[in-house]
Amino acid sequence: MASNEHDSAPSSQSNADSAKCPYHEGQNRSAEGENPYTHPNRNGPHDTKPNAGDGHAKDEALQTYRADAEGHDLRTNQGLRIADNHNSLKAGERGPTLMEDFIFREKMNHFDNERIPERIVHARGAAAHGYFQAYDNAARYSKAGVFSDPSKKTPVFVRFSTVQGSRGSNDTVRDVRGFATKFYTDDGNWDLVGNDIPVFFIQDAMKFPDFVHAVKPEPHNEIPQGQSAHDTFWDFVSLMPETTHTVLWTMSDRAFPRHYRNMEGFGVHTFRLIDREGVSRFVKFHWKPVAGTCSLIWDEAQKLWGRDPDFNRRMMWDDIKSGAPLEWELGIQVVEEKDEHSFDFDILDPTKLIPESLVPVVPIGKMVLDRNPDNYFAETEQVAFNPANIVPGIDFSNDPLLQGRLFSYLDTQMLRLGGPNFHEIPINQPVCPFHNNQRDAQHRQTINTGQASYEPNSIDGGWPAETPPSQDAHGGFEPYHERIEAHKVRARSASFGDHYSQATLFWNSQTDVEKEHIIAAYTFELSKVERPWIRERVITEILPNIDLELARRVGENHGIETPTSKPAPDGELGTSQVDSDPALSLMTRLPDSIATRKVAILAADGVAMEDVRSIKEQLAAEGAEGLLIAPSMAPIKAGDGTMLSPDAMLNGLPSVTVDAVVVAGGVGSVEALSGSGLGLYYVQEAYKHLKPIVAICEGKELLAAARVPVEEGVILVDDVLAASLPLRDALMAHRVWSRDARANQMPA
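Positions in the sequence shown are counted from 1; adding 83 to them yields the working numbering.
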């Protein structure tokens with residue numbers, strides 16, 4: 084059938100659509116083009132129009148929710164135009180229907196749930212609004228509209244989350260972090276639902292329920308919350324060698340990011356991008372933080388559980404509120420179809436990554452998060468992500484874990500959000516209009532007009548109607564025409580048999596400090612395992628296949644002798660085209676500025692006013708923040724008589740929440756801090772967590788009282804101006820890593 088001009092004209096019509104409500108064409112959008120369902124209602128009085136008293140007030144109120152499909156294309160609930168509404172996607176014309184047919188599943192699942200299902204709660208997370216802007220080169224790889232215009236800002240909503248814990252668990256537990264992005268494009272919603280780790284624990288979605296059951300709190304006592312340090316997790320992973328690579332990442336410092344702005348994100352799976360000529364390329368998606376990568380230290384993360392369990396979400400909220408947005412570049416690793424089998428691993432295996440030294444990441448756009456939600460429940464809790472939400476120009480691969488996720492997420496969201504109409508919740512609505520013949524069910528907001536709720540129809544003029552596929556982004560969706568000739572089997576490709584080579588690659592890519600942290604992590608986690616045979620299996624049958632020295636060190640800490648050679652067969656050990664890759668170390672992407680860094684300035688009555696003023700000014704000039712920390716919240720009287728208001732107390736904003744500590748001069752101030760256990764503990768703890776410490780003039784007496792050694796990263800100056808450059812350099816390095824081996828000698 085011919086394309087419908089009303090809903091498929093490229094630029095002029097999209098401009099017309101942008102003047103309409105993203106859901107119902109009769110309601111205007113704001114002048115700036117924001118989605119009124121996700122933009123705060125701050126632009127004028129609301130709910131103040133007097134009732135006319137003519138009996139039509141309720142009818143007028145309901146007009147907002149009426150939708151007439153006349154003149155509109157047939158679309159999915161995510162706004163994607165449908166090219167064929169008669170045939171499900173099959174492996175051949177007479178073959179079985181494929182699980183990845185997300186259009187069929189949306190349609191059938193909605194029909195199956197048109198009679199009120201139950202609702203459940205979901206896990207802990209934090210989110211923010213922002214925008215994505217493509218670079219000039221993005222359109223080369225995909226016809227997707229989100230990549231076509233470098234001047235266009237596409238709205239996004241991003242949710243970060245922990246995986247294992249409940250909604251009430253802590254931010255800084257050792258865990259994988261979810262990194263889910265919803266792009267509100269003109270052609271429907273695209274959800275890139277990934278993690279801060281580029282690989283996953285299992286290869287096939289069939290094992291996902293088993294993995295989640297194993298990592299969750301144990302069922303007999305609901306312990307432990309938000310942690311992997313327990314028997315069922317280590318029992319499962321020690322019996323499933325395919326989990327080894329991701330477990331190793333989780334034992335690294337990647338498991339507790341310092342700030343969401345310092346966290347990498349990954350699409351995990353291999354996807355396809357389709358260009359205007361219909362050429363398909365395999366891609367891996369990467370989010371590269373503009374602020375660089377860095378993490379918490381394990382002891383620091385543990386202390387934050389009690390002192391600020393909301394640390395990561397609070398940092399993001401406060402930074403955005405203060406005008407310091409979070410930024411990432413979106414990059415892709417591109418593999419031409421002809422090169423699909425040119426690696427020593429299978430690119431469809433979700434437990435494998437493509438080393439950046441083999442395939443560099445190409446930046447194709449930038450994302451900025453610059454607005455906090457208005458209501459946590461309405462937005463962050465109710466947002467529903469689904470990897471099946473794609474747009475023309477983006478498609479799936481046959482990664483078996485991805486294929487299973489395409490089915491699972493829709494069912495999960497329907498149960499969690501009370502039925503198949505969760506797409507009508509404001510945060511989930513696309514910004515383009517969407518019409519189809521799905522009706523009724525719990526929480527339906529739309530009042531559908533017209534008699535025909537089926538297609539084809541002649542009663543309502545055939546609307547909504549299909550849209551034929553097109554070379555541009557505005558055509559109906561059609562899957563990539565991949566040729567498949569195969570038997571129906573329950574099997575796994577032999578190319579998925581390598582379980583250890585990339586774990587070894589990751590280990591070899593870590594610095595000595597990072598390796599020590601991994602050894603400490605395995606030692607701690609396994610100490611929480613009650614059954615000795617599980618500990619022994621991990622140490623003697625899994626760890627040696629990664630690295631014999633890793634196994635030996637962890638084994639020594641548990642009194643277990645380890646093998647002198649790798650016990651796994653050659654097929655599981657695999658091979659690697661590269662021995663190490665710098666991109667796999669957090670320390671290769673340290674921040675290139677001190678912007679957004681927070682520095683504690685310790686002070687009490689008698690503090691040298693010039694020290695406080697000068698340090699704050701020096702930090703502010705580079706986008707960092709100096710926070711005045713005092714014994715109490717009572718005003719401080721400086722040495723010159725000036726009264727200063729503290730930003731926090733010593734035990735209210737502990738050293739684990741800041742990036743460096745400055746002890747300001749002033750005899751009275753230093754004497755007061757030296758006589759305080761909290762003052763001594765503050766600098767001891769900062770030393771233990773490898774943070775830069777600056778002492779100005781008399782401030783060095785506090786360090787002496789706390790028995791803090793004078794060494795690298797402990798900066799003593801007599802002139803406050805002399806502190807600026809060494810403090811900046813130390814902050815740029817994030818930690819004083821040379822102190823790592825000695826830090827545990829400090830009893831803090």
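Even for Gly, the Cβ is constructed at its ideal location relative to N, Cα and C.
- About 25 Å separates the Cβ atoms of N472 and D258, ruling out a contact at the 8 Å cut-off.
- Bridge partners of R158 according to DSSP: R164.
- Under DSSP, N278 forms a beta bridge with G261 and F349.
- In the structure shown, L409 falls within a strand segment according to DSSP collapsed to helix, strand and coil.
- DSSP, reduced to helix, strand and coil, places W546 outside both helices and strands of the structure shown, so it counts as coil.
- Bounds of the beta strand (DSSP E) holding A209 are G208 to A217.
- If you keep only unbroken alpha helix (DSSP H) runs of at least 4 residues inside the segment 654-734, you get 692-703.
- Put simply, the backbone Cα of G271 is about 12 Å away from that of H506.
- In this structure, DSSP gives Y583 a state outside helix and strand, which the three-state scheme calls coil.
- Among the bridge pairs identified by DSSP, A150 is matched with N531.
- When secondary structure is reduced to three states using DSSP, L609 falls in the helix class.
- In this structure, DSSP gives T647 a state outside helix and strand, which the three-state scheme calls coil.
- Shown here, L785 sits in a helix according to DSSP, grouped into three states.
- The Cβ neighbour count for S697, taken over all protein chains shown within 10 Å, is at least 16; the residue is labelled buried.
- Between the segment 684-702 and the segment 742-758 there are three or more C-beta pairs closer than 8 Å, enough to call the two in contact.
- In the DSSP annotation of this structure, T237 is not part of any alpha helix (DSSP H); the continuous beta strand (DSSP E) holding it starts and ends at T237 to T245.
- For the pair T725 and E705, the Cα-to-Cα distance works out to about 26 Å.
- Distance between G389 and H313, taken at the CA atoms: about 20 Å.
- For D812, the enclosing alpha helix (DSSP H) has its first and last residue at S807 to M815.
- Beta bridge pairing from DSSP links A569 with no other residue.
- For S363, the enclosing beta strand (DSSP E) starts and ends at S363 to P372.
- By the criterion of at least three beta-carbon pairs nearer than 8 Å, the segment 551-570 is in contact with the segment 473-482.
- Contiguous beta strand (DSSP E) elements confined to the segment 261-330 occur at 271-278, taking only those with 3 or more residues.
- Annotation: the continuous alpha helix (DSSP H) that includes K404 extends over F394 to K404.
- Residue environment for Y537: exposed (fewer than 16 other C-beta atoms within 10 angstroms of its C-beta).
- A direct Cα-Cα distance of roughly 28 Å separates W317 from P470.
- Secondary structure of V417 (DSSP, three-state): strand.
- Distance from the Cα of M716 is smallest, within the candidate group D723, A707, K699 and G735, for G735.
- Here DSSP, grouped into helix, strand and coil, assigns M497 to helix.
- Beta-bridge analysis with DSSP links P446 to G414.
- Around the CB of D391, 16 or more other CB atoms lie within 10 Å, so the residue is classed as buried.
- Nearest in C-alpha terms to G375, of all of R223, P674, Q308 and T679, is P674.
- Relative to the Cα of K235, the nearest Cα in the group I186, E549, A221 and S244 belongs to A221.
- Taking the Cα of P714 as reference, the smallest distance to any Cα among R522, H772 and S757 is reached at S757.
- By DSSP's assignment, P340 forms a beta bridge with S378.
- Where V800 is concerned, the enclosing beta strand (DSSP E) starts and stops at V797 to V800.
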